[in-house]
């Protein structure tokens, strides 16, 4: 719930699920940050951050919940929970601030930690960070393959191929992955990697959005779900997977949600999307 009283804004997570025995619990300071930041983006994006910017914001997160766990809870993968807070917040604000919110982004990003030994026996460990599409905004389409709310990015393909026995077969946008709307959601991306090592390696995957696509807002349609595959077949999306020499790993992220009814999209923008090959 979001409440405004005078110059104070309160976000109340009462009723949130209890903490769990896995590492997706979000500690309070993390929950506060992932609540305050999207509020700042929506309400006052241009003023430089300062203590006064956040003084009016109160966050209630009951102890023992997944957004404020009791010690000694596991919290290493807290981002897998906190990344969803901005969407819940914007959904609550949309009826009263429709011009200041965005549709849901294709976050969290897919993170793959690839490790093993190269052909000379040297150990390697690299992180492949793969962002989904941004949700659409009132005045523009969502940006393709861009992380929100972290604005984080991965290393270049050339750097990763130099550090590990990997070859990237493709890195491309996924046509049709952005949710339709008056403004279209940003496209997700697909990365395909082949292992060049002579011995097995390990892929540790953090994958979200497999079952629930980023939602549209104010009549916009959802983006697509994420997908991971090994040699074209199913793979454990969360956890460690053994890669054999020559194996091909595919990571495909979600597209962002659309903003507003698709029937109200400018025909010129729709035609441009078609020419650019963005619609699938």
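Numbering (the working numbering), first residue to last: 51 to 330.
For every residue, glycine included, the Cβ atom is placed at its ideal position computed from N, Cα and C.
All of these numbers come straight from a predicted model, not from anything done at the bench.
DSSP state of residue 101 mapped onto helix, strand, coil: As a working mapping, residue 101 is identified with position 51 in the chain shown. Helix.
contact_flag[the stretch 72-84, the stretch 124-132] where n(CB pairs < 8 Å) is 3 or more: yes
For residue 268, the three-state DSSP class (helix, strand or coil): Position 218 of the chain shown, counted from the first residue, corresponds to residue 268. Correct three-state label for residue 268: coil.
Residue range of the unbroken beta strand (DSSP E) whose run includes residue 53: On the chain shown, residue 53 is found 3 positions in, with the first residue counted as 1. Segment 52-55, the beta strand (DSSP E) holding residue 53.
Environment of residue 258 [buried if 16+ CB atoms lie within 10 Å]: Position 208 of the chain shown holds residue 258. Classification of residue 258: buried, given that the 10 Å Cβ count is 16 or more.
Cβ-Cβ distance between residue 232 and residue 308 below 9 Å: Here residue 232 refers to the residue found at position 182 when the chain shown is read from its first residue. Here residue 308 refers to the residue found at position 258 when the chain shown is read from its first residue. Yes.
Rounded separation between residue 288 and residue 260 - CA only: If you number the chain shown from 1, residue 288 lands on position 238. If you number the chain shown from 1, residue 260 lands on position 210. Residue 288 and residue 260: Cα-Cα distance of roughly 10 Å.
Buried versus exposed call for residue 55 [16 or more other C-beta atoms within 10 Å across all chains shown]: Looking up residue 55 in the chain shown gives position 5. The residue is exposed, with fewer than 16 neighbouring Cβ atoms inside 10 Å.
Best match in 159, 117, 103 and 172 for proximity to residue 68 [C-alpha to C-alpha]: Working through the chain shown from its first residue, we reach residue 68 at position 18. Nearest of 159, 117, 103 and 172 to residue 68, Cα basis: 117.
Between the CA atoms of residue 167 and residue 143 - distance to the nearest angstrom: Start at 1 with the first residue of the chain shown, and residue 143 comes out as number 93. Start at 1 with the first residue of the chain shown, and residue 167 comes out as number 117. So the two alpha carbons sit approximately 50 Å from each other.
Anticipated Cβ contact below 8 Å, residue 280 with residue 214, distance rounded: For the purposes of this step, residue 280 is identified with residue 230 of the chain shown, where counting begins at 1. For the purposes of this step, residue 214 is identified with residue 164 of the chain shown, where counting begins at 1. Not really, about 17 Å apart at Cβ, beyond 8 Å.
Residue range of the unbroken beta strand (DSSP E) whose run includes residue 255: The sequence position of residue 255 within the chain shown is 205, counting from 1. 251-256 is the extent of the beta strand (DSSP E) around residue 255.
Span separating the alpha-carbon of residue 243 from that of residue 220: In the chain shown, counting from the first residue as 1, residue 243 sits at position 193. In the chain shown, counting from the first residue as 1, residue 220 sits at position 170. C-alpha separation (whole angstroms): 7 Å.
DSSP state of residue 315 mapped onto helix, strand, coil: Residue numbering aside, residue 315 sits at position 265 when the chain shown is read from its first letter. In the structure shown, residue 315 sits in coil (DSSP, three-state: anything other than H, G, I, E or B).
Beta-ladder partner(s) of residue 118, from DSSP: Walking along the chain shown from the start, residue 118 turns up at place 68. Paired residue(s): 115.
Beta-carbon gap between residue 302 and residue 320 smaller than 9 Å: As a working note, residue 302 is residue 252 in the chain shown. As a working note, residue 320 is residue 270 in the chain shown. No, Cβ-Cβ distance for residue 302 and residue 320 is not below 9 Å.
Among 273, 251, 112 and 322, nearest to residue 172 - alpha-carbon criterion: As a first step, residue 172 is located in the chain shown; it is residue number 122 there, counting from the start. Nearest of 273, 251, 112 and 322 to residue 172, Cα basis: 251.
Assigned exposure category for residue 97 - 16 Cβ within 10 Å defines buried: Locating residue 97 in the chain shown gives position 47, where the first residue counts as 1. It counts as exposed.
N- and C-terminal bounds of the beta strand (DSSP E) containing residue 246: Translated into the one-based positions of the chain shown, residue 246 becomes position 196. Residue 246 -> no beta strand (DSSP E), and no H or E assigned at all.
Coil, strand or helix - residue 207 by DSSP: In the chain shown, residue 207 corresponds to position 157, counting from 1. In this structure, residue 207 counts as helix in the three-state DSSP scheme.
Close Cβ partners of residue 295 (< 8 Å) along its chain, the five nearest in sequence each way excluded: For this step, residue 295 is matched to residue 245 along the chain shown. Excluding positions up to five away in sequence, the list reads 245, 246, 247, 248, 249 and 250.
Distance CB(residue 269)-CB(residue 310) smaller than 9 Å: For the purposes of this step, residue 269 is taken as residue 219 along the chain shown, with counting starting at 1. For the purposes of this step, residue 310 is taken as residue 260 along the chain shown, with counting starting at 1. Cβ atoms of residue 269 and residue 310: closer than 9 Å.
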